[in-house]
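**Student:**
Number of protein chains: 2
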Amino acid sequence: MANTAKFNRQEVLQKATWLFWQRGFHATSTRDLQQATNLRPGSIYAAFGSKSGLFKEALRFYAQNRTELLQQCMDGGKTTIGGLRTYFRHILLDGDADTPNELCLLAKAISELDESEEELLGEARTLLAAHGAKFRQYVEEAMANGELSEDTDSDLLARQLQVQMIGLRTFLRATADRAAVEHMILKLFDSATARTTG
Amino acid sequence: MANTAKFNRQEVLQKATWLFWQRGFHATSTRDLQQATNLRPGSIYAAFGSKSGLFKEALRFYAQNRTELLQQCMDGGKTTIGGLRTYFRHILLDGDADTPNELCLLAKAISELDESEEELLGEARTLLAAHGAKFRQYVEEAMANGELSEDTDSDLLARQLQVQMIGLRTFLRATADRAAVEHMILKLFDSATARTTG
DNA sequence: TTTGTTATTGAACGACCGCTCAAAATTCTA
DNA sequence: TAGAATTTTGAGCGGTCGTTCAATAACAAA
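Written out as structure tokens, the structure is:
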């Protein structure tokens, strides 16, 4: 059972995720991945099975990181809504050098893949839905806290937040207009709290 | 100056656009395009220069069609805001069989392409900005009509509409939840008219 | 019909793709 | 330290990629 001294799987996943996030699934070649991870093809194929297998793990790695970041923002904020706003601001306005692309990797995968790559597309959809469920959970927490009216439609508001996040990230990539994005974030959290959302 | 009997350029562009829209730029091969258009490589290269050249023209073809559709929705609606809502509903809820993909081709291109394909990325950004300018023009028309308050921030509202459109289309591709999208369209046009947006 | 011009054809080029596998190196067991 | 098990290596397979171009066909002008 010799199982030591292998490459650091997390480190490899991190580099592969960065590359896929930057270039997309189809435009990233296995040789790009070999170079970035400093691994020979056999090692990659033994560990991940295929390029698709590696991409699937990269999607999970990315989603896991995002969930942890969201958790940190919620833990650090005074209010639940404030934590969500911090998460929005962090992803949309702070993510500069530590990110290869303005977009969400899951949204990018859902955009790039077509129905013939069902397994990867399904994985991305599942992970994005799980993140949306986190949003709903926090919306409900805010309702319980009295930060949101009791007749708020938590499903609707959580979906609206996710739609906004995805739309704003694409808008940012399209225009690079950070001031406009900052303005829209302000308006978004104004309206989410000021109105009855149910 | 023999210049007759050539293939129908619009028809070829329509088929190429469909294929790019369905599969994306990288995943569409020149042989796919040859088969779909029933042209041999030399004809395509003589007419469009390269795969990139054809894609660029496909982007323009798509944008032109969308602009015409928007114009039709505006002409057919009783009010300016009503026309915009018709456009949203048409693209998000009616586009089933006549469309290969839930997403906007321009947004899909901006998502897929990276900075190394600067020319195509720039073209997609320019065309998307032009469409956003149309939105702003109609928002200002609605202000002049009295459909929107005079202190509406037309830049902001037009950008919000574009962000929503892009976000909703991605959400639809991710979840296929048409009921949720319909609900969010209703809320969107409620809030755009009911609130002071400036 | 002849001639000059343009459009179409389809074979094929070199490059790169995802991936395999026998051989070599390394690590674990004893 | 000897032998078994595992991991790493890198050459290279068959296939597809975007693109080219000489040969052919179709056309307009004379």
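As they're listed, the protein sequences go chains B and E. Each residue of the first sequence is one higher than the one before, starting from 1 at the first, in my numbering. Each residue of the second sequence is one higher than the one before, starting from 1001 at the first, in my numbering. Backbone N, C-alpha and C define an ideal beta-carbon position, used for all residues, glycine too. These numbers come from a predicted model, not from an experiment.
1) Select from E:1074, E:1189, E:1044 the residue whose C-alpha is nearest the C-alpha of residue 1137 of chain E.
2) With burial defined as no fewer than 16 other Cβ atoms inside 10 Å of the residue's Cβ, what is the status of residue 1025 of chain E: buried or exposed?
3) Under 8 angstroms, with one C-beta from each stretch per pair, do the segment 167-178 of chain B and the segment 76-95 of chain B reach the 3-pair mark?
4) For the segment 1101-1128 of chain E, enumerate the residues whose C-beta is nearer than 7 angstroms to any C-beta of chain B, in chain order.
5) Rounded to the nearest angstrom, what separates residue 1037 of chain E and residue 1126 of chain E at their Cα positions?
6) Could you tell me whether any Cβ in chain E is nearer than 8 angstroms to the Cβ of residue 26 of chain B?
7) Would you mind working out which of B:101, B:194, B:178, B:189 sits nearest residue 1116 of chain E, comparing C-alpha positions?
8) Since residue 58 of chain B and residue 16 of chain B should fall inside the 8 angstroms C-beta cutoff, what is the C-beta to C-beta distance between them, to a whole number of angstroms?
9) Short of 6 angstroms in beta carbon distance, which residues of its chain neighbour residue 1001 of chain E, apart from the five on each side in sequence? Order them along the chain.
10) If I measure Cβ to Cβ from residue 120 of chain B and keep anything under 8 angstroms in the same chain, skipping five residues before and after, which residues do I get?
11) So what's residue 1057 of chain E in DSSP terms, helix, strand or just coil?
12) State the DSSP-derived secondary structure class of residue 39 of chain B, mapped to helix, strand or coil.
13) Excluding the 5 residues flanking residue 202 of chain B on each side, which residues of the same chain have their C-beta closer than 8 angstroms to its C-beta?
14) For residue 1123 of chain E, I'd like the list of residues in its chain whose CB is within less than 6 angstroms of its CB, leaving aside the five on either flank, ordered along the chain.
15) Please give me, in chain order, every unbroken run of the alpha helix (DSSP H) with length at least 4 that falls completely inside the segment 1042-1107 of chain E.
16) Find the residues of chain B that neighbour residue 1180 of chain E, judging by a C-beta separation of less than 9 angstroms, and give them in chain order.
17) Residues of the segment 136-154 of chain B in Cβ contact with chain E at a cutoff of 9 angstroms, in chain order, please.
18) To the nearest angstrom, how far is it from the Cα of residue 1130 of chain E to the Cα of residue 1181 of chain E?
19) Quick one: which chain B residues come within Cβ less than 7 angstroms of residue 1167 of chain E?
20) Ignoring anything shorter than 4 residues or poking outside the segment 147-196 of chain B, list the alpha helix (DSSP H) runs there in chain order.
21) Among the candidates B:134, B:97, B:35, B:14, whose CA atom is the shortest distance from the CA of residue 157 of chain B?
22) Excluding five sequence neighbours on each side, which residues of the same chain lie with their C-beta closer than 6 angstroms to the C-beta of residue 1079 of chain E?
23) Check each candidate in B:14, B:48, B:7 and name the one with the smallest Cα separation from residue 61 of chain B.
24) With a threshold of 16 other CB atoms inside 10 Å of the CB of residue 1027 of chain E, please say whether the residue is buried or exposed.
25) Name the chain E residues whose beta carbon is nearer than 9 angstroms to that of residue 17 of chain B?
26) If we ignore side chains and look at the alpha-carbon of each, how far apart do residue 6 of chain B and residue 33 of chain B end up?
27) Since residue 1131 of chain E meets chain B, which of its residues come closer than 7 angstroms, beta carbon to beta carbon?
28) Have a look at residue 44 of chain B and residue 35 of chain B and give me their C-alpha separation to the nearest angstrom.
29) Consult DSSP for residue 28 of chain B and reduce its assignment to one of helix, strand or coil.
30) Taking residue 1067 of chain E as the reference, which of E:1145, E:1143, E:1150, E:1128 has the closest Cα?
31) Between B:8, B:111, B:152, B:85, which has its C-alpha nearest residue 190 of chain B's C-alpha?
32) Which residue from E:1099, E:1041, E:1160, E:1088 puts its Cα closest to that of residue 1020 of chain E?
33) Apart from the five residues on each side of it in sequence, which residues of its chain come closer than 6 angstroms, Cβ to Cβ, to residue 12 of chain B?
34) I'd like to confirm something about residue 157 of chain B: is its beta-carbon nearer than 7 angstroms to some heavy atom of the ligand NAD, or not?
35) Here's a check: name, in chain order, each residue in its chain whose Cβ is nearer than 7 angstroms to the Cβ of residue 140 of chain B, leaving out the five neighbours to either side.
36) Using 8 angstroms as the limit for Cβ to Cβ distance, is residue 1183 of chain E near chain B?
**Tutor:** Quick look at the numbers:
1) Nearest of E:1074, E:1189, E:1044 to residue 1137 of chain E, Cα basis: E:1074.
2) By the Cβ neighbour-count rule, residue 1025 of chain E is buried, with 16 or more other Cβ atoms within 10 Å of its own.
3) Contact between the segment 167-178 of chain B and the segment 76-95 of chain B is established, with three or more Cβ pairs separated by less than 8 angstroms.
4) Only those residues of the segment 1101-1128 of chain E whose C-beta falls short of 7 angstroms from the nearest C-beta of chain B are listed: 1103, 1107, 1108, 1110, 1111, 1112, 1114, 1125, 1128.
5) In this structure, the straight-line span from the alpha carbon of residue 1037 of chain E to that of residue 1126 of chain E is close to 27 angstroms.
6) For residue 26 of chain B, the answer is yes, since a Cβ of chain E falls inside 8 angstroms of its Cβ.
7) For the residues B:101, B:194, B:178, B:189, the minimum Cα distance to residue 1116 of chain E belongs to B:101.
8) At roughly 5 angstroms, the Cβ-Cβ gap stays under 8 angstroms, so residue 58 of chain B and residue 16 of chain B are in contact.
9) The predicted model places residue 1001 of chain E with a pLDDT of 40, which falls under 50 and marks its position as unreliable, so this point remains unresolved.
10) So the list reads 25, 52, 55, 56, 59, 109, 113, once near-sequence residues are dropped.
11) Here residue 1057 of chain E sits in helix by DSSP.
12) Coil at residue 39 of chain B, not helix or strand.
13) The structure shown has nothing for residue 202 of chain B, since chain B only spans 1 to 198.
14) Apart from sequence neighbours up to five positions away, the residues of its chain that approach residue 1123 of chain E with a beta-carbon distance below 6 angstroms are 1056, 1059, ordered along the chain.
15) Listed in chain order, the complete alpha helix (DSSP H) runs (minimum 4 residues) inside the segment 1042-1107 of chain E are 1051-1076, 1080-1089.
16) What residue 1180 of chain E touches in chain B: 155, 156, 159.
17) Going along the segment 136-154 of chain B in chain order, one finds 153 with a Cβ nearer than 9 angstroms to chain E.
18) One C-alpha to the other measures close to 25 angstroms.
19) Scanning chain B for C-beta atoms nearer than 7 angstroms to the C-beta of residue 1167 of chain E yields 163, 164, 166, 167, reported in chain order.
20) Listed in chain order, the complete alpha helix (DSSP H) runs (minimum 4 residues) inside the segment 147-196 of chain B are 154-175, 178-194.
21) Measuring from the Cα of residue 157 of chain B, the nearest candidate turns out to be B:134.
22) Only 1147 meet the Cβ criterion.
23) Relative to residue 61 of chain B, the option among B:14, B:48, B:7 whose CA is nearest is B:14.
24) When all chains shown are included, residue 1027 of chain E counts as buried.
25) What residue 17 of chain B touches in chain E: nothing, since even the nearest Cβ is about 15 angstroms away.
26) CA-to-CA, the gap between residue 6 of chain B and residue 33 of chain B works out to about 17 angstroms.
27) By Cβ distance, chain B contributes nothing, its closest Cβ being about 10 angstroms from residue 1131 of chain E, past 7 angstroms.
28) Taking the straight line from one Cα to the other gives about 11 angstroms.
29) Residue 28 of chain B: coil per DSSP, three-state reduction.
30) Measuring from the Cα of residue 1067 of chain E, the nearest candidate turns out to be E:1128.
31) It is B:85.
32) Nearest C-alpha to residue 1020 of chain E: E:1099.
33) 37.
34) Of ligands this structure carries none, so the ligand NAD is not represented either.
35) Answer for residue 140 of chain B: 154, listed in chain order.
36) Yes, residue 1183 of chain E counts as interfacial toward chain B.
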